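These protein sequence lines are chains A, B and C, in that order.
In this text, residue positions in the first sequence follow my numbering: the first is 1, and each later residue adds one.
In this text, residue positions in the second sequence follow my numbering: the first is 1001, and each later residue adds one.
In this text, residue positions in the third sequence follow my numbering: the first is 2001, and each later residue adds one.
Let me begin by presenting the structure, written as structure tokens, before commenting on it.
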Amino acid sequence: MATATAHVVTGAAELDPLARRRVPVAVGALAVVAVVGLGAERLLSPALLNVGVTLFAYVALAEAWNILGGLSGQMSLGVGAFVGTGAYSMALAMNHLGWSWLPGLLVASAAAGVLSAVLAVPLLRLHGDYFAVGTLAAGLALEAWVNNWGFAGGSSGISIAVGAVPTLGTLYSIGLVVAFLAVAVTVVLRWSIFGLRLLALRESELGAELLGVDVVRYRLLVLVLSGMLTGLAGGLFALTQINFVPSDMFGMTWTIEALVMVIIGGMGSVLGPVVGALAIYYGISTELATYPTLSLFLEGGLLLAIVRFFPEGLWPFAVRRLRALAAPARAARRLSGVAARR
Amino acid sequence: MNATTILNGLLMGGLYALVALGLSLVFGVLRLINLAHGVLVVGASYGALELTQLVHLGPFAALPVVVVVAACFGYGLQRLVLTNLLLKGTEAGIVGTFGLAVLGEAAFASGFTSNGQSLSSSLATASIRIGGTTLEAVLVVATAVAVALTAVLALGISRTRAGSVLRAAASDPATAELMGIDVRQVFAVAVALAAALAAVAGVLYGVASSFTPTSDTSLLLIAVAVVVVGGVGNLTGTLVAGLAVGLVQALSVGLFGGGYSDFTVYLLFFLVLVVRPTGLLGRGAL
Amino acid sequence: MARTRRAGRLLLAGSIGAAALGAVGAVPSVSGATGSTITIGASLPLTGPLGGLGSDQEAGYTQAVNDVNAAGGLKVHGVRHLVHLVVLDNASDSTTASQQARSLVLKDGAVALLGGATPPIAIPEALAAEVLRVPFVTTNSPVDAFAAGNKAGWNYAWDLFFKEQDQAVAVSHYVNLCSTNKKVALFTDTEQDGVFQRPLYLAALAKAGDRVVGDYTFPVSTTDFTSFVTKAKAAGAQIVVGQMILPAGVTLLKQMKALGFAPRVVIIAKASNAQSWVQALGSLSEGTGMELTWSPAWKNPGTAHVEATLGKRLGLVDLASAVPDYGAAQVLLNAISAAGTTAAAKVNAAIRATNATLVVGHVRFAKNHTAVLNYAVGQWQGKKAVQVYPSVAGAHLECPMAGLK
């Protein structure tokens, strides 16, 4: 209920016929940011490049979860299945076929996309909480199986050859492109007619169906897109970690990180997951690593505070406040409209 | 494969069912997947540990205290935190209880260190002989408690006036409210009851096995599997599913060796969910 | 209602503001070791499943650094510098460990790294060090598992710990100190080291003339051993050898007792070598075997010193676990001192040249960048760990073990 309200507020522009022009403008702006970011690679210190790589990978991870959970209302608790598939398929392709990281990343994304499509057959029978639990079960089963899969190293894990790992600068550029892709896909999905139909689907599957939305096709498409982006993020994590065991890549941690980042940043918004990734990875995980359990306390507390006091998340809340400052009259009108709807 | 293996599998399943019972109740009544359920179970284990060390009570002497404290905690939790979240939709419930789980793990880690702990009791090492087979007494007790609690709850829900109030609040809160039922109070009592059940499970689990600050995750996962396999809102289904999961695990160990036991359980979980989303025994009374 | 909402918002807004300020204040500085102190980094599993090992590691590393600083620091380019140890908690998560290892070098300016416990944590950290070309010394990773972590061979990463084969052989000798029917039940989990160790145990036990009548494997989080225990009992095994984590080991012992399975000699590697094993099991732990990765009975130089410093805060078992960490830090600090510089290549060369008898034992790295330390087997006697293999004066094996009788 509250998330629906939040959408009416922050995404009111969707109803504006001019809004469709926002997609090319926003993607263009993102592309400019990405190109500037790529150009800046030589100017940045290794420390910043390093922060960038991990941050970009988390942005892609969070945005991919947002596309599924935030835009189409399909909460996934099995993110590890796609991260792991991406990481393992890339490592296997690099080790056994001698491929370099570029085709390796494409394989990571494709394999996770294929997994999504295969899992979609049973998963799309499920709705709401059941879908969430279904992704959880699929992820757990896959992890338990990979632990026994001798060809991929079983529980001893797998390594990418150190010589095949790109340099920090290259990793930064890869990360930037991956993060750009994830945010651009979200923009396109969120602010297009397609996105409007997804929103309808999220609020009520039956309602969307009555409006003529091909619900199964839309859910499948979002599932596969999200899977491909998650696999790409998994490939990037694998390139930075180099050696990993099944529980590292298929484990529950990825679901937790994606969920926390998106909820805190702002579920269903375009930039919310980016803000969430920045706040959690940079603000909490990195800065508080010297104080064991403090970051856990903060994350748990933040989650509770967010769902209790600002369910729409930090970014949409901040945008709303800024808009209210910039255009008090318009915002007041809109807010009173919201209050009436409540 | 012999009778002992099958019996022990079933008894392990009884412990799983006991761990899942509170989760099943909350899922059935509030339509909430309580991701903090594992923390409630482990919290009771730590609570009993603290009592055994402070006042030198045995874990079972500490049990009533732990159960009462857990029930009060559950009641307060629902009144002060969860009610507000549930008004915001199921997403908020999942995220909020997940936040509680994270806080719980952090609290256990800072209060009790990351080392494994266990509740010592003579029951843990006692056995019961039936015919030619030796059974672990603690698992027999856990299974008996699970069966008894399920029977009491199922009868209470279907036969008593309080039970019909609970069913009414669960199936249609808005209408129940109109009929003069204090739905918030009913929900709070349900969560209190679930926390008390979790506490019983936590003490028995702590005696039978051992626990660390992060044990809650694996307990939660097995409980979710059991609840879903048994059918949402179906407490008898939860008991049957618990026994089934224990049995399947034991059979899988016998057939394929121990390495695949997790895989078999989660595969069963996934297959039941997609083939029969209402669970093996179908949707229950709640 | 409205007031609480506003209060909550203010609180959150405040904390976000604080976080933002923190982030601005913490803009990474890439100063390197140009200050008056030399920075060494360590990403350790201080919390999570490996938390017990991680806190021993922190104690060992910190003590070694404190000892150097108490003596005036390290001489680099002719000037004495104090050493600053930055410890981060990776919560037993490999991905975090890998990220922290890179951040310690790039952001905190660590000139070298010390590793976190167990191969799944240490190998990703070592690979990060390898890519960044920074010296890395670790322990708590058995040497063959560590050596296998980089197929191309290590350049900057070094490991000193026991060798898996030595462990298997020592355990087989330990169980045969007791007179039994030589029938063994073997319990190994499907974690990395369980998988690695299982064939070695099988070979060593066979060589010692024992017969493995039950060979059981199971996932790491298993809480049900009843079918294995029933079979082992039926097969008449009098020896139990296991390799698993503490929660699994505690459950196994309880179920053995409950099901009336009373082997004469029991050793559960990994689970039993911490004081928490005794706390969790009570009298049931009496007479179980345990691993010692260090012992005062070895009488290495510096033993009295670590006993007087580290030993004051830690019991013998935690001390035995912390001394290899102390030793790893010593190897690194000595190498920086010998190199007279913090330049990575020179420090690395000095580590390679290490050839000294330290408190952990004699350290000399083989071609695969590992140095093999001694391994001893102890027994829990009266809640205290006593070394029984190799035998030391005044101690003997209690057989049959008392806890399961």
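We put the CB at the ideal spot given by N, CA and C, even for glycine.
As the structure is a prediction and not an experimental result, all values here were calculated from the model.
Spatial distance of residue i from residue j (CA atoms)
i, j, result
"A2033/C", "L2044/C", "For A2033/C, the predicted structure reports a pLDDT of 41, less than 50, and the residue's modelled location is therefore unreliable. The matter cannot be settled from this model."
"R125/A", "V224/A", "16 Å"
"K2183/C", "D1262/B", "29 Å"
"G2022/C", "A289/A", "Residue confidence for G2022/C is low, a pLDDT of 39 falling below 50, so the modelled location carries little weight and cannot support an answer."
"V8/A", "V274/A", "Below a pLDDT of 50, predicted positions are generally treated as unreliable, and V8/A, at 39, falls in that range; no measurement from the model is reported."
"T1134/B", "T2230/C", "8 Å"
"A1061/B", "L1049/B", "11 Å"
"V2406/C", "V2363/C", "The structure shown does not extend to residue 2406/C, since chain C is modelled only from 2001 to 2405, so the question has no answer here."
"V1274/B", "L123/A", "7 Å"
"L1077/B", "R1031/B", "16 Å"
"A2385/C", "M2290/C", "8 Å"
"A1361/B", "L2202/C", "Because residue 1361/B is not part of the residues shown, which for chain B are 1001 to 1286, the question remains open."
"A200/A", "Y218/A", "11 Å"
"D2166/C", "P2142/C", "10 Å"
"G69/A", "Y281/A", "20 Å"
"E299/A", "V260/A", "8 Å"
"I1006/B", "L1251/B", "7 Å"
"I1033/B", "L30/A", "38 Å"
"L1204/B", "A141/A", "27 Å"
"L55/A", "A233/A", "11 Å"
"L2292/C", "A2274/C", "10 Å"
"S1045/B", "A1196/B", "12 Å"
CB-CB length for residue i against residue j, believed under 8 Å
i, j, result
"I2239/C", "T2180/C", "5 Å"
"T2037/C", "H2077/C", "With a Cβ gap of about 14 Å, T2037/C and H2077/C do not count as contacting."
"G84/A", "A111/A", "Going by Cβ atoms, the distance from G84/A to A111/A rounds to 10 Å, so no, they are not a contact pair."
"V262/A", "N50/A", "24 Å between Cβ atoms; not a contact."
"A2322/C", "A2070/C", "With 8 Å as the limit, A2322/C and A2070/C do not qualify as a contact, their Cβ atoms being about 18 Å apart."
"T2217/C", "G1258/B", "5 Å"
"G227/A", "G113/A", "5 Å"
"I1157/B", "A1285/B", "6 Å"
"I264/A", "L322/A", "With a Cβ gap of about 18 Å, I264/A and L322/A do not count as contacting."
Test item: CB-CB of residue i and residue j under 8 Å
i, j, result
"V2347/C", "A2335/C", "yes"
"V183/A", "V270/A", "yes"
"W2408/C", "V2392/C", "Outside the modelled stretch of chain C, which goes from 2001 to 2405, sits residue 2408/C, for which no answer is possible."
"S2401/C", "T2288/C", "Position check: residue 2401/C holds Met in this sequence, whereas Ser was assumed. Their beta carbons are under 8 Å apart, which means M2401/C touches T2288/C by this criterion."
"Y2389/C", "H2173/C", "yes"
"H1037/B", "A1154/B", "no"
"A2097/C", "L2104/C", "no"
"F1098/B", "L303/A", "yes"
"P2199/C", "A2237/C", "no"
"V2134/C", "L2333/C", "no"
"G235/A", "A108/A", "yes"
"G2115/C", "A2126/C", "yes"
"L1082/B", "G1104/B", "no"
When the options are compared against residue i, the one with the closest alpha-carbon
i, options, result
"V35/A", "D248/A, G70/A, I174/A and G150/A", "I174/A"
"F151/A", "H96/A, A200/A, L189/A and V133/A", "H96/A"
"A1020/B", "Y1260/B, A1285/B and G1237/B", "G1237/B"
"G1111/B", "L1247/B, A1195/B and G1043/B", "G1043/B"
"L2074/C", "T2039/C, Y2389/C and D2189/C", "T2039/C"
"P2247/C", "D2189/C, R2211/C and S2055/C", "D2189/C"
"A2091/C", "S295/A, Q74/A, A164/A and D129/A", "S295/A"
"V1069/B", "L1271/B, R1283/B and L1193/B", "L1193/B"
"A2157/C", "F2365/C, G2194/C and Q2381/C", "F2365/C"
"E205/A", "L71/A, N147/A, S116/A and V25/A", "L71/A"
"L115/A", "D248/A, P292/A, T135/A and W99/A", "T135/A"
"L1015/B", "T1214/B, L1149/B, L1255/B and G1279/B", "L1149/B"
"A238/A", "L211/A, A40/A, A91/A and R42/A", "A91/A"
Any non-hydrogen atom of the ligand COA within 7 Å of residue i CB
i, result
"V222/A", "The ligand COA is not part of this structure, which contains no ligands at all."
Checklist line | Residues in the stretch 2085-2098 of chain C having any Cβ partner in chain A nearer than 8 Å | finding: Listed by position, the residues of the stretch 2085-2098 of chain C near chain A (Cβ gap below 8 Å) are V2086, V2087, L2088, D2089, N2090, A2091, D2093, S2094, T2095, T2096 and S2098.
Next item on the list: Give the residues from the stretch 305-322 of chain A that approach chain B closer than 7 Å (Cβ to any Cβ), ordered along the chain.
Entry: Result list: V307, R308 and P311.
Next item on the list: Could you please tell me which residues of the stretch 56-79 of chain A, in chain order, have their CB closer than 9 Å to any CB of chain B?
Entry: Considering only beta carbons, the part of the stretch 56-79 of chain A lying closer than 9 Å to chain B consists of G69, G73, M75 and L77, in chain order.
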